[in-house]
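Colleague: So that you can map any letter, position 23 of the sequence shown is 28 in my numbering, and since no number is skipped, the others follow by simple counting. Here it is: the structure, laid out below.
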Amino acid sequence: MSPVLAGVLQLLALIAALALAYVPLGDYMAKVYSSDKHWRVEKWIYKGIGANPNTEMRWPAYLRGVLAFSAVGVLFLYLLQRLQGHLPGSLGFAAIDPDQAFNTAASFVSNTNWQSYYGEQAMGHVVQTGGLAVQNFVSAAVGIAVAVALVRGFSRSRTGELGNFWADLVRGTIRILLPLSVMAAIVLVACGAIQNFSGIHSVGQFLGGSQQWNGGAVASQEAIKEIGTNGGGYFNANSAHPFENPTPFSNLFEIFLLLVIPFALTRTFGRMVGSLKQGYAILATMATIWLGFIALMMWTEFAHHGPAFQIAGGAMEGKENRFGVGASSIFAVSTTLTSTGAVDSFHSSFTGLGGGITILGMQLGEIAPGGTGSGLYGMLIMAVIAVFIAGLMVGRTPEYLGKKIGTREIKFAACYILITPALVLVFTAAAMALPTPGHSMTNSGAHGFSEILYAYTSGANNNGSAFAGLNADTQWFNSTIGIAMLLGRFLPMVFVLALAGSLAEQKPVPATAGTLRTEKPLFTGLLVGAILIITGLTYFPALALGPLAEGLAS
Numbered sequence: 006m007s008p009v010l011a012g013v014l015q016l017l018a019l020i021a022a023l024a025l026a027y028v029p030l031g032d033y034m035a036k037v038y039s040s041d042k043h044w045r046v047e048k049w050i051y052k053g054i055g056a057n058p059n060t061e062m063r064w065p066a067y068l069r070g071v072l073a074f075s076a077v078g079v080l081f082l083y084l085l086q087r088l089q090g091h092l093p094g095s096l097g098f099a100a101i102d103p104d105q106a107f108n109t110a111a112s113f114v115s116n117t118n119w120q121s122y123y124g125e126q127a128m129g130h131v132v133q134t135g136g137l138a139v140q141n142f143v144s145a146a147v148g149i150a151v152a153v154a155l156v157r158g159f160s161r162s163r164t165g166e167l168g169n170f171w172a173d174l175v176r177g178t179i180r181i182l183l184p185l186s187v188m189a190a191i192v193l194v195a196c197g198a199i200q201n202f203s204g205i206h207s208v209g210q211f212l213g214g215s216q217q218w219n220g221g222a223v224a225s226q227e228a229i230k231e232i233g234t235n236g237g238g239y240f241n242a243n244s245a246h247p248f249e250n251p252t253p254f255s256n257l258f259e260i261f262l263l264l265v266i267p268f269a270l271t272r273t274f275g276r277m278v279g280s281l282k283q284g285y286a287i288l289a290t291m292a293t294i295w296l297g298f299i300a301l302m303m304w305t306e307f308a309h310h311g312p313a314f315q316i317a318g319g320a321m322e323g324k325e326n327r328f329g330v331g332a333s334s335i336f337a338v339s340t341t342l343t344s345t346g347a348v349d350s351f352h353s354s355f356t357g358l359g360g361g362i363t364i365l366g367m368q369l370g371e372i373a374p375g376g377t378g379s380g381l382y383g384m385l386i387m388a389v390i391a392v393f394i395a396g397l398m399v400g401r402t403p404e405y406l407g408k409k410i411g412t413r414e415i416k417f418a419a420c421y422i423l424i425t426p427a428l429v430l431v432f433t434a435a436a437m438a439l440p441t442p443g444h445s446m447t448n449s450g451a452h453g454f455s456e457i458l459y460a461y462t463s464g465a466n467n468n469g470s471a472f473a474g475l476n477a478d479t480q481w482f483n484s485t486i487g488i489a490m491l492l493g494r495f496l497p498m499v500f501v502l503a504l505a506g507s508l509a510e511q512k513p514v515p516a517t518a519g520t521l522r523t524e525k526p527l528f529t530g531l532l533v534g535a536i537l538i539i540t541g542l543t544y545f546p547a548l549a550l551g552p553l554a555e556g557l558a559s
């Protein structure tokens, strides 16, 4: 079987699995966030944290809950790392340096999981399981909660109430993420992923010395790492490591895990707004971009000429022989179009244009299908922009799902789409202009610039994957990328929730003959075009200096 055919067959199998999970998972999540009943364990949690789950919140109160919970998470995870040397189960590892502890705390709380450290050489069992794995659950639940709040903004009228953050957080964790992670971890253990709390042990003899490995609760963390679109691995090699990702089947299964909730949330959206066709329109937009990027990635990685590429079946540098070019391309596109950041290959070793595709996928805002929750609310923001553009074309006040998109709403949407590009471009320019950050670049020229651009794109968009080749474990990069991750996560949420509150206060507008039919293919095409054009206008100069220059020169 040719490598190209193998890649296509894996893609078809993946699409079939996602299609089978779409309806039941999407409907289940809609029931979770629409129910007025609380499980017993949830009542215990509410009592422990002193929250009343039946109290409705307006958007400022909902936002305060998000920010307060996340701030406590950053502080707790920072202190846990700084005290690691005094904790049991630390495997003898010392406390994490202050700048790296800040970076890691900001990373996992913001659902980014950027890692400037070697996991197997820095973090003990307590930090991994009691700190990082916990944030993998709750940071993903925060993202879904904010998305659900925005959906309620569209579905409700004449009220500013968006639900209860604490109830949404607990339900997302207990009813969705936890059971899915348990099932996924069992599958990964069956595939060969490790799950233990063993200490450091030597494996074999290499060049006169022994290779040392430590065990850990890898399968369970791998499960929530993918399901929650987190991406931070137990080992430095991430999903290229056989302890995390043992077989070609586990590789495809992990891709399925990182895509299934973001895609299924479009069904949840359709259920909650009372129109499944609206959910299908958003799904079609996400799927069109995702499939288009996979096709481009496979073409760039398979299309190179020469005997070396022909013998290897494509550009194999930096890719696992267990997975090949096709599976690595699907994984790379899926992890950068979501906010996952897990990798089963080195993106820096992709072809010049292939590396550019991974960067562009993040620069779209990671909305196809995006992260758990963040993908849906990011796509809905772009839908608001798209109907506004359509309204300008015909000279009509734009409407979306029965709500008018006026001056206030479009300002919130505009601020949302401007925040992340500003963070990426300002920090990239500063790093290239100052003398010290440039010392971390392994490569010069266009590829070196791509390393810097990728790092800040990954951080500000809460992706977490690395281009490799950049030494990011410095005070400059730990601090600036940490700031970019926090601002890139929580500033957009301010405008998402403000938009949700504004929409919820409106009364519904009846559809007329002049209303744009947002459930039709025409709107899907308009939305895809708006996303690509806005991203292109924003980032094309930076891309031209990096991956495009490298790709055209090769």
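Even for Gly, the Cβ is constructed at its ideal location relative to N, Cα and C.
Buried or exposed for Ala451, going by 16 or more other Cβ atoms inside 10 Å?
Modeller: Ala451 should be labelled buried.
Colleague: Cα separation between Asn116 and Leu263?
Modeller: Taking the straight line from one Cα to the other gives about 13 Å.
Colleague: Indicate the three-state DSSP secondary structure (helix, strand or coil) for Met34 in the structure shown.
Modeller: Three-state DSSP puts Met34 in a helix.
Colleague: Pick out whichever of Val187, Ser121 and Gly556 has its Cα sitting closest to the Cα of Gly237.
Modeller: The option with the nearest alpha carbon to Gly237 is Ser121.
Colleague: Nearest CA to the CA of Ala99: which residue from Thr109, Lys52, Arg87 and Gly376?
Modeller: That would be Arg87, whose Cα lies nearest to the Cα of Ala99.
Colleague: So Ile101 is in the alpha helix (DSSP H); what residue range does that whole segment cover?
Modeller: Careful: Ile101 lies outside any alpha helix (DSSP H) and carries neither H nor E.
Colleague: What are the boundary residues of the alpha helix (DSSP H) that Val79 is part of?
Modeller: Taken as a continuous stretch (DSSP letters only), the alpha helix (DSSP H) holding Val79 covers Trp64 to Arg87.
Colleague: Measure the CB-CB distance between Phe298 and Ile362 and report whether it falls below 8 Å.
Modeller: Yes, Cβ-Cβ distance for Phe298 and Ile362 is below 8 Å.
Colleague: Specify, as a first and last residue, the run of the alpha helix (DSSP H) that Gly331 falls within.
Modeller: Its alpha helix (DSSP H) spans residues Gly329 to Leu342.
Colleague: Label Gln226 either buried or exposed according to how many other C-beta atoms from any shown protein chain fall within 10 Å of its C-beta, with 16 as the threshold for buried.
Modeller: Buried: at least 16 other Cβ atoms inside 10 Å.
Colleague: Give the single residue among Asp104, Ile205, Thr402 and Ile20 whose Cα lies nearest to the Cα of Ala292.
Modeller: The shortest C-alpha separation from Ala292 is found at Ile20.
Colleague: I'd like to confirm the pairing. Which residues does DSSP put opposite Ile205 in its beta bridges?
Modeller: Its beta-bridge partners are Asn219.
Colleague: Hey, how far is the Cα of Leu96 from the Cα of Ile54?
Modeller: If I take the Cα positions, the gap works out to 32 Å.
Colleague: Nearest to Phe351 by CA position, among Ile266, Ala242 and Pro403, is which residue?
Modeller: Residue Ala242 is the option with its Cα nearest to Phe351.
Colleague: If we ignore side chains and look at the alpha-carbon of each, how far apart do Gly375 and Phe274 end up?
Modeller: Approximately 14 Å between the Cα atoms of the pair.
Colleague: Beta-carbon within less than 8 Å of Asn466's beta-carbon, same chain only, minus the 5 sequence neighbours each way: which residues are those?
Modeller: Here the set comprises Ser344, Met367, Gln368, Gly370, Glu371, Thr425, Val429 and Gly493.
Colleague: Determine the DSSP secondary structure at Tyr405, reduced to helix, strand or coil.
Modeller: Tyr405: strand per DSSP, three-state reduction.
Colleague: In whole angstroms, what separates the C-alpha of Leu342 from that of Phe261?
Modeller: Their Cα atoms are separated by approximately 13 Å.
Colleague: Out of curiosity, what's the CA-to-CA distance linking Ala395 and Gly124?
Modeller: Cα-Cα distance, rounded: 48 Å.
Colleague: Within 10 Å of its beta-carbon, does Phe202 have 16 or more other beta-carbons around it, so buried, or fewer, so exposed?
Modeller: Looking at its Cβ environment, which holds fewer than 16 other Cβ atoms inside 10 Å, Phe202 is exposed.
Colleague: With DSSP run on the structure shown, which of helix, strand or coil describes Ser350?
Modeller: Here Ser350 sits in strand by DSSP.
Colleague: Using alpha carbons as the reference points, say which of Val392, Asp102, Gly12 and Leu183 lies closest to Ile335.
Modeller: Comparing Cα-Cα distances from Ile335 to each of Val392, Asp102, Gly12 and Leu183, the minimum goes to Gly12.
Colleague: Whose CA, out of Ser244, Thr520 and Thr540, lies closest to the CA of Met398?
Modeller: Of the candidates Ser244, Thr520 and Thr540, the one whose C-alpha sits nearest the C-alpha of Met398 is Thr520.
Colleague: Roughly how many whole angstroms lie between the Cα atoms of Phe307 and Pro29?
Modeller: Using only the alpha carbons, I get a separation of about 36 Å.
Colleague: Out of curiosity, what's the CA-to-CA distance linking Val501 and Tyr421?
Modeller: Using only the alpha carbons, I get a separation of about 7 Å.
Colleague: With 16 as the cutoff for other CB atoms within 10 Å, does Gly346 come out buried or exposed?
Modeller: With 16 or more Cβ atoms within 10 Å of its Cβ, Gly346 is classed as buried.
Colleague: Thinking C-beta only, is Val348 closer than 8 Å to Ala505?
Modeller: Cβ distance not < 8 Å, so Ala505 and Val348 don't count as in contact.
Colleague: Could you tell me the distance, in whole angstroms, from the CA atom of Thr271 to the CA atom of Ile181?
Modeller: Each residue's Cα considered, the two are about 15 Å apart.
Colleague: Give the range of the alpha helix (DSSP H) segment to which Phe240 is assigned.
Modeller: That residue, Phe240, is in no alpha helix (DSSP H); it is neither H nor E in DSSP.
Colleague: With distances taken Cα to Cα, identify the nearest neighbour of Glu259 among Ala224, Gly204, Gly279 and Arg163.
Modeller: If we check each option's Cα against that of Glu259, Ala224 comes out closest.
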